[in-house]
Structures are given as C-alpha cells and as structure tokens.
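Residue numbers (the working numbering): 47 to 352.
Before any comments, here is the structure.
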Ligand code: FBP
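Written out as structure tokens, the structure reads:
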C-alpha cells in the first residue's frame, strides 16, 4: 500500500504520467525505509568513475557485480544505481528484487579535463529493457561543457518521462572556473540542486555542503538576509529549500570512505535538516559485508527517526 506520505510526495510531481509516478512510488515503497518518504540508495559506478582497484580492492568480493545487488537487497535499500555493464550483469537474476536506476552517463578519471562532461553510456531503451524504475544522469554545473550535458539531460528526461520512468540527477559542480572548495560551497550546492530541479529531476543528488561561499554576489545576499548556514542541518535545510521549497526529493552523497562515527554524525546533521536520504557507495561496499549492512541500517534508522 502506498502510504499517505508517499502519496503526498507523488502529488508534487503533478505533470508526470502514471508510469513515472508508479516508478517513484516503487522506490519510495521498497526496503527498510518503505513508506517513510526517506530513501537510502546504493550507487556503484565508482569502478567506471574512479577505477577498479580504487573502488573494489578494499573489499575484493565487490569486484563481482552480483555482490552489489545482493548488498542492496540484504541491507534493504530503496534502490540500486549503476552503469549499463553492472546492471546487465544482474538485472535478470535479481529481477523484481530491488528497484534499479540505470546511470545513462559516466566519466572516468583517465582523461583529466577542466571542462568535464560525462559520456553517454546507456539509453532509455536499455533502462526499459532491464526493468529499471529510473534513469540516472550526472551534470557538472560550472563546467564549460555543462550546457551540452543540460541539453542531453533535457532530451533523455523527456524520453524517460514519456516511457514512464523517473529521473535521478547527480548534480556535482566542478570545472575550470571553480575553486576546489567551491565544489561543495553552500551557495554552489544549493544552486546545483536548483538547476537539477529546473531540468526536471524527480530525485536530486548533491554533496553535503560546507559553510564556504564561492560567489561574491551570493555572499552579499547570504549575509544581508542572514541565511543560517552555520551547521550542517541548517545547510541541508537551505539546499532542500532551494529545490522548490522542499517539493523535490533531495538526497546527499556519502563521499570517500571514512570512519563510522564521522559518517553517522554527518547523516544526523543531514537528517535533522530535512534531507530525504542518502546515496552511500564507497562507505558501504568498501566495508566487509556485515559491517556495511550494519552501517546502512544505522543510517536508515537515523532517517526513519528524523
Ligand atoms: P560515494 O558514496 O562513493 O561518494 O558515491 C556517490 C557518488 O555519486 C557515485 O555515484 C559516484 O561514483 C561518486 O560519488 C562520484 O564522486 P566524484 O565525482 O566526486 O569522484
């Protein structure tokens, strides 16, 4: 049964057809957080994005694509997201066991560019053939190539929505014109969430923001309007507000592997700020399986009780 909360969230997506709403509902109604309106997703595109050893050597069973399907299912995640190869390697075997998000573009770290743009690595037809609930797409606001990525997303989102799929956007600011600190600056992360929402994303994924402000023009406004950004909870609240006053699902990424206490403290701040959840890759699959499941459960519990 779709809960009242899930129905409320679906009502924010009033332009969408029944198929897209059903697929959003599938993700929101699956796993340990089913029906709460919160989501914890397992993303495993790091083999492509960072390379195999950096991604899987800390926990070698993770070289096997089936490992990640099993982990996401055993942990009770809402969905599992990966590029074409990993999804093809398990979609039939695990059909119906967990909602899938097919990442339709990916970048690798072999080619360094100050104007990053991911390559198209899958299609809406692939997502439908593999029984996915959603497509995933990464944009890099701030890159000199960003406008091309926005146009690709616009076309793919139109096709996905016509086909009754949901659209999940990874919005990661970066590029030649931006400082390293700027990539996670509060003004920039809030802006990245707004851009993804304006591009028609149903679910938006950003990095946890710091209190740094990158843009001088924005800094004046944050100061003048006294926008609270002192704590992580305040910053999460501001990012969620920036995605249509909280009427879009905004989730936050886990980042590079770190200690359990540090992760849980970060999640507590995000959950207190009204985040809809997290997408936790390296911090889950790089740990031994039982530890990963335990950690994911603790993360889910924090969202469930927020
Ligand atoms: P992590 O929890 O491992 O950070 O995964 C989240 C994620 O969005 C992955 O989907 C993606 O591979 C990775 O972060 C990309 O991070 P970056 O581009 O900063 O290296």
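Heads up, the beta-carbon is just placed ideally off N, CA and C, and yes, glycines get one too.
For residue 264, collect the residues of the same chain with a Cβ closer than 6 Å to its Cβ; drop the 5 residues on either side in sequence, then sort them by chain order. 233
By how many angstroms is the C-alpha of residue 217 removed from the C-alpha of residue 238? Whole-angstrom Cα-Cα distance: 6 Å.
Alpha carbon to alpha carbon, how far is residue 63 from residue 210? 6 Å
Inter-residue CB distance, residue 183 and residue 150 (contact presumed, cutoff 8 Å): 5 Å
Option in 258, 77, 82 with minimal Cα separation from residue 50: Checked all of 258, 77, 82; the closest Cα to residue 50 is 82.
Only counting the same chain, and skipping five residues up and downstream in sequence, which positions put a Cβ closer than 8 Å to that of residue 196? 185, 241, 245
When we look at the beta-carbon of residue 109 and count the other beta-carbons within 10 Å, is it buried (16 or more) or exposed? Residue 109 sits exposed, since fewer than 16 C-beta atoms from the chains shown fall within 10 Å of its C-beta.
Should residue 114 be counted as a contact of ligand 1 given a C-beta to heavy atom distance under 7 Å? no
Buried or exposed (CB count within 10 angstroms, at least 16 for buried), residue 91: buried
Spatial neighbours of residue 190 within its chain, please: C-beta separation below 7 Å, excluding the five flanking residues on both sides. Residues of the same chain with a CB within less than 7 Å of the CB of residue 190, apart from the 5 flanking positions on each side, are 161, 221, 222 in chain order.
Ligand 1 and residue 95: does any heavy atom of the ligand fall closer than 7 Å to the residue's C-beta? yes
Going along the chain, which residues of its own chain have a beta-carbon closer than 7 Å to the beta-carbon of residue 313, five neighbours each way excluded? 324, 345, 348
Whole-angstrom Cβ separation of residue 339 and residue 120, contact assumed at under 8 Å? Taking a contact as a CB-CB distance under 8 Å, the pair residue 339 and residue 120 counts as one, their CB atoms being some 6 Å apart.
From the DSSP output, in three-state form, read off residue 256 for me. In the structure shown, residue 256 sits in a strand (DSSP, three-state: E or B).
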